[in-house]
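In my numbering, the protein residues as written are 5 to 307. Don't be surprised by glycine CBs; every beta carbon is placed ideally from N, CA and C. Since this is a predicted model, take the numbers as computed values, not measurements. Read through the structure below, which is laid out as structure tokens, and then see the notes.
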């Protein structure tokens, strides 16, 4: 008879900004729920790893994403399996509309309603740029999370490396502190889905998949702000140019003198008239993340 390790109840959770919790807890299925900060969760904040500001931030954050699971009583398995499962659930939020995270992911073992720390994990907090941050992750978006989580698990448990890599690249893009490298990672994530071999193939496949006239920035902020006018057909070729210049370490200003496809990446542009202008390179990088989310959302819907 095979010996099986005893199992323990493990909670894995991290803070999310600008997420509304309609009722506490808000069940999301697959072992996930949203909850507001409470004494039990906050007890796992680690004074050895966190500054005073980070401790205070953890108490002020609007919501915690919590994943409850049973794990074999093996420290490495608790840290790895439960942490990966938490990241899969978090990506359901990020694909629908990226949210900011605090960076710390806490893991604890719970028995007799007592939560004791197992591990504190630190990652870069996520940020997709100004357009995604202007809307709360509200009830209409939350209602879509429940159906998306199992599909992400299905992809991540499959042998489809390209689809898995595209999801991982979105996670890395959101965690990267440099906006241009974040954009590059998302463009790589798009290439993983399309298996494109040059700029024309990339443009053709992206326009065909999402539709040429589809807006690059989703209509998250209506009616307060009009949806940005940029369409997939307007940006696809420029995204590939940005990708190529960044990947080869070329001075971005040289893109304006490209003999075939000139793009002034230093030009000041607006998302919407009410916001401050930004360099086109930054706009393209932020659009890459938004387009990446749309492609993944459609990919998962087709499964």
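Helix, strand or coil: which one does DSSP assign to residue i?
i, result
"residue 212", "helix"
"residue 219", "strand"
"residue 118", "strand"
"residue 235", "strand"
"residue 31", "strand"
"residue 23", "strand"
"residue 129", "coil"
"residue 253", "coil"
"residue 5", "Any reading at residue 5 must be qualified, since the residue scores a pLDDT of 49, below 50, and its modelled position is unreliable; the value itself is stated next. Residue state, collapsed to three classes: coil."
"residue 307", "coil"
"residue 299", "helix"
"residue 201", "coil"
"residue 264", "coil"
"residue 278", "coil"
"residue 288", "helix"
Per DSSP, which residues does residue i bridge with? Please list them.
i, result
"residue 124", "110"
"residue 12", "75"
"residue 272", "283"
"residue 17", "70 and 110"
For the ligand MG, any of its heavy atoms closer than 7 Å to the Cβ of residue i?
i, result
"residue 164", "Among the components of this structure there are no ligands whatsoever, and the ligand MG is therefore not found."
Taking residue i as part of the alpha helix (DSSP H), name the residues at either end of that continuous run.
i, result
"residue 190", "183-198"
"residue 144", "143-160"
"residue 226", "Element bounds for residue 226: n/a, residue is neither H nor E."
"residue 165", "165-179"
"residue 136", "134-137"
Open item on the list: Going residue by residue through the segment 67-111, where are the continuous alpha helix (DSSP H) segments of at least 4 residues, counting only ones entirely within it?
Closed with: 79-100
Task: In chain order, each alpha helix (DSSP H) run of at least 4 residues that lies wholly inside the segment 33-59 - done: Runs of alpha helix (DSSP H) with 4 or more residues, each lying fully within the segment 33-59, are found at 43-46, listed in chain order.
- [ ] Could you say if the segment 169-179 and the segment 120-134 meet the contact criterion of at least three C-beta pairs nearer than 8 Å?
- [x] A contact is defined here as three or more CB-CB pairs under 8 Å, and the segment 169-179 meets this definition with respect to the segment 120-134.
- [ ] Give a yes or no on contact between the segment 106-121 and the segment 14-29, applying the rule of three or more CB pairs nearer than 8 Å.
- [x] Cβ pair count under 8 Å is three or more, so yes.
Task: the segment 96-107 / the segment 152-162 touching (three or more Cβ pairs under 8 Å) - done: At 8 Å Cβ cutoff, the stretches touch.
Open item on the list: Assess contact between the segment 260-269 and the segment 162-174, defined as three or more Cβ pairs (one per stretch) separated by less than 8 Å. Is contact present?
Closed with: No, they do not touch.
Task: Cβ contact check for the segment 236-254 and the segment 278-296: 3 or more pairs under 8 Å - done: yes
Task: the segment 217-229 touching the segment 185-200, judged by at least three CB pairs closer than 8 Å - done: no
Open item on the list: Under 8 Å: do the segment 44-63 and the segment 132-150 share three or more Cβ pairs, one atom per stretch?
Closed with: With a cut-off of 8 Å, the segment 132-150 and the segment 44-63 do not count as touching, because too few Cβ pairs lie within range.
TODO: Tell me, please, whether the segment 215-225 touches the segment 291-298 by the rule of three or more beta-carbon pairs shorter than 8 Å.
DONE: yes
TODO: Would you check if there are 3 or more beta carbon pairs closer than 8 Å linking the segment 251-263 to the segment 51-62?
DONE: no
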